[in-house]
Amino acid sequence: MTDDRLRVRTASLNGTCGLRIAGELDTMVADSLAGRARAAVDAVPGPVLVDLSGLKFIDAHGARALDELIRTLAGTRAAVVSRCPLRVRRVLDRLGLTLDSAAAEKTFPRPAPPTVADWVRRARLDAARSRLDASGTLVRLIGTRLRVASTVERTGLLREQAQQALSSSRAARQHRGGPGVRADQGVTLRPGTPAPSR
Amino acid sequence: MALEHWFDRETLPGLRSAVRAEAVAAGMPGNQADDVMLAVHELAANAVRHGGGAGRLRMATAAGELHCHVSDAGPSGGGACSPGGNAVALRQWLIQPGHGLWLVRDIADRLTIAPGPAGSEVSAVFTLPGSPGGHGVR
Numbered sequence: 657m658t659d660d661r662l663r664v665r666t667a668s669l670n671g672t673c674g675l676r677i678a679g680e681l682d683t684m685v686a687d688s689l690a691g692r693a694r695a696a697v698d699a700v701p702g703p704v705l706v707d708l709s710g711l712k713f714i715d716a717h718g719a720r721a722l723d724e725l726i727r728t729l730a731g732t733r734a735a736v737v738s739r740c741p742l743r744v745r746r747v748l749d750r751l752g753l754t755l756d757s758a759a760a761e762k763t764f765p766r767p768a769p770p771t772v773a774d775w776v777r778r779a780r781l782d783a784a785r786s787r788l789d790a791s792g793t794l795v796r797l798i799g800t801r802l803r804v805a806s807t808v809e810r811t812g813l814l815r816e817q818a819q820q821a822l823s824s825s826r827a828a829r830q831h832r833g834g835p836g837v838r839a840d841q842g843v844t845l846r847p848g849t850p851a852p853s854r
Numbered sequence: 774m775a776l777e778h779w780f781d782r783e784t785l786p787g788l789r790s791a792v793r794a795e796a797v798a799a800g801m802p803g804n805q806a807d808d809v810m811l812a813v814h815e816l817a818a819n820a821v822r823h824g825g826g827a828g829r830l831r832m833a834t835a836a837g838e839l840h841c842h843v844s845d846a847g848p849s850g851g852g853a854c855s856p857g858g859n860a861v862a863l864r865q866w867l868i869q870p871g872h873g874l875w876l877v878r879d880i881a882d883r884l885t886i887a888p889g890p891a892g893s894e895v896s897a898v899f900t901l902p903g904s905p906g907g908h909g910v911r
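Sequences listed follow chains A and B, in order.
Mapping the first sequence onto my numbering, position 118 (from 1) lands on 774, and the numbers just tick up by one.
Mapping the second sequence onto my numbering, position 34 (from 1) lands on 807, and the numbers just tick up by one.
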């Protein structure tokens, strides 16, 4: 039995079942196609994509068997012919077979590939999100700068008050001619000195 | 050019290659050679399935035409005629739409079938390019 004349293989491709029928599909092996193909596709889930590009020869009986197979598959799970060589198409045309299946079209809507508009939309969303992140950071930076500025101011005021206290104690010492309050002896600033409001 | 090729179930693929090569050698373009290969295959396959399992092909060119003769020994292998023999022979050559013989008639320019319980002779003629007439090529 030379059954390697007809090769029936399946493979899983991104959630679909790729059914490859290759070699020679003539009347001698046509009756075995249905059984072999069904056994192969049962093992792989998903809609069936039929690849006939490796089919070197097909006769009337083979063509009818192929047509019957695709109709049967389309009845239980979606099936479309993804590739069909010209030599096979010419035989099918003579026989009036199209290997089409209205059922397959209904149950196997191919998701549309992303368009340029989709890419642009996504890029805009990403950019907007980045801008929001940047603004948030900017707000936090500004807030920090304000706090730093007010701290600097208060520090400056404190320094001024300290200097004033120093000079007035020096003046008092010179006036009295004796040791007075030394600047480094616990000079206290008046607590609660209000900082100028901004 | 003349070709004689015996065939059975196992040697059908070899027959197909030989027929296509002869058609190309006779000057046919690829598509037409494919058609001739298909037509002769259908005749040979018919002989294998219903005509005893084996047969003979003879091909020759003459007057701008390619002649292909396929003969078999009949379902009884060329044995004595039986009462139902003629009916069986005729059933072998029933032309059904969408089936092999219907395809041969669609492709060939002329088709002649001479069935018989002791064997059948079928002749399919294809017009070669450059010759007037011929409708088999699409």
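Built from N, CA and C at the ideal position, the CB exists for glycine as well.
All figures in this text were calculated on a predicted structure; none of them were measured in a lab.
Legend entry - Within chain B, the residues that Val747(A) reaches when beta carbons sit closer than 7 Å: Leu811
Legend entry - Short CB-CB distance (under 8 Å) between Leu662(A) and chain E: Here chain E cannot be found, since the structure's protein chains are A and B.
Legend entry - Inter-residue Cα distance where the pair is Gly752(A) and Thr771(A): 37 Å
Legend entry - Nonlocal neighbours in the same chain, by C-beta distance under 6 Å from Phe713(A), ignoring five residues either side: The residues are Glu680.
Inset, instruction - Going by DSSP, name the residue or residues bridged to Gly679(A). - result: Leu662(A), Leu711(A)
Legend entry - Within-8 Å CB hit, Asp941(B) to chain A: Residue 941(B) is absent from the structure shown; chain B starts at 774 and stops at 911.
Inset, instruction - Kindly indicate if chain A contains any beta-carbon less than 8 Å away from that of Val910(B). - result: The pLDDT assigned to Val910(B) is 49, lower than 50, so where the model puts this residue is not dependable, and the model offers no usable value.
Inset, instruction - Output yes or no for whether 8 Å exceeds the beta carbon distance between Leu729(A) and Val697(A). - result: yes
Inset, instruction - Figure out for me which residue from Ala820(B), Leu901(B), Asn804(B) has the closest Cα to the Cα of Leu867(B). - result: Ala820(B)
Inset, instruction - Using DSSP bridges, identify the partner residues of Met832(B). - result: Answer is Leu776(B), Cys841(B), bridged to Met832(B).
Inset, instruction - Please indicate yes or no: does the CB of Ala779(A) lie closer than 7 Å to some heavy atom of the ligand SAH? - result: The ligand SAH is not part of this structure, which contains no ligands at all.
Legend entry - Beta-bridge pairing of Glu894(B) - partner residues as DSSP gives them: Ser844(B), Ala887(B)
Inset, instruction - Could you round the C-beta distance between Arg793(B) and Asp781(B) to whole angstroms and report it? I think they count as a contact, below 8 Å. - result: About 19 Å separates the two Cβ atoms, so there is no contact after all.
Legend entry - Which residues DSSP lists as bridging Asp781(B), in chain order: Per DSSP, Ala827(B).
Inset, instruction - Just the C-alpha distance for Pro902(B) and Asp882(B), rounded to the nearest angstrom, thanks. - result: 13 Å
Legend entry - First through last residue of the beta strand (DSSP E) which encompasses Val737(A): Val737(A) -> beta strand (DSSP E) spans 735–739.
Legend entry - Collapsed DSSP secondary structure at Ala719(A) in the structure displayed: helix
Legend entry - Proximity below 8 Å, CB of Val704(A) to CB of Cys673(A): yes
Legend entry - Element boundaries [alpha helix (DSSP H), containing Ile868(B)]: No alpha helix (DSSP H) contains Ile868(B), which DSSP labels as neither H nor E.
Inset, instruction - Give me whichever residues DSSP pairs with Ala667(A) in a beta bridge. - result: Gly674(A)
Inset, instruction - Starting from the Cα of Leu689(A), find the closest Cα among Ser823(A), Arg796(A), Arg663(A) and give me that residue. - result: Arg663(A)
Inset, instruction - With a threshold of 16 other CB atoms inside 10 Å of the CB of Gly731(A), please say whether the residue is buried or exposed. - result: exposed
Inset, instruction - Give a yes or no on whether 8 Å exceeds the smallest Cβ distance from Ala686(A) to chain B. - result: no
Legend entry - Endpoints, alpha helix (DSSP H) assigned at Val859(A): Because chain A spans 657 through 854 in this model, residue 859(A) falls outside it and cannot be assessed.
Legend entry - Residues from the region 716–730 of chain A in contact with chain B, defined by Cβ distance under 9 Å: Under the 9 Å Cβ criterion, the region 716–730 of chain A contributes Ala716, His717, Ala719, Arg720.
Inset, instruction - Could you give the DSSP three-state label for Thr811(A): helix, strand or coil? - result: The answer is helix: DSSP assigns Thr811(A) an H, G or I state.
Legend entry - Cα-Cα separation, Arg822(B) to Ala773(A): 60 Å
Legend entry - Chain-ordered neighbours of Leu751(A) on chain B, where CB pairs are closer than 8 Å: Gly871, Leu876
Inset, instruction - Specify whether the region 776–791 of chain B and the region 807–822 of chain A touch according to this definition: at least 3 beta carbon pairs, one from each stretch, less than 8 Å apart. - result: no
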